[in-house]
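Residue numbers (my numbering): 54 to 123.
Ideal Cβ positions, reconstructed from N, Cα and C, are used throughout, including at glycine.
Here the structure is a predicted model, which is why all the values come from computation and not from measurement.
The block underneath contains the structure these notes are about, expressed in structure tokens.
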């Protein structure tokens, strides 16, 4: 159950990286900036400001109530 997982996006347009970062924030309790920085180290595009906004702003708000109940 606790083994490495390979996440891949066929076209390489940040989808796998952003989902991984969102998982880190929503389920593992990472700070959004830390999750975004990890994504950048592994290939998230720096020019995609929407990606940064989703990870650092949207994800914490989207999952705040769900996390409070778990």
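Practice problem: Ignore the nearest five residues each way along the sequence and tell me which others in residue 112's own chain have a CB closer than 7 Å to its CB. | Solution: Counting only Cβ-Cβ distances below 7 Å, and skipping sequence neighbours, we find 75, 78, 79 and 85.
Self-check item: residue 72 versus residue 64: straight-line alpha-carbon distance, rounded
Solution: Linking residue 72 to residue 64 through their CA atoms gives a straight-line distance of about 14 Å.
Self-check item: residue 97 classed as buried or exposed, judged by whether at least 16 other C-beta atoms fall within 10 angstroms
Solution: Classification for residue 97: buried.
Practice problem: Check each candidate in 59, 57 and 90 and name the one with the smallest Cα separation from residue 109. | Solution: Of the candidates 59, 57 and 90, the one whose C-alpha sits nearest the C-alpha of residue 109 is 90.
Quiz item: Whose C-beta lies closer than 8 Å to the C-beta of residue 99 among residues of the same chain, with five residues either side of it excluded?
Solution: 93, listed in sequence order.
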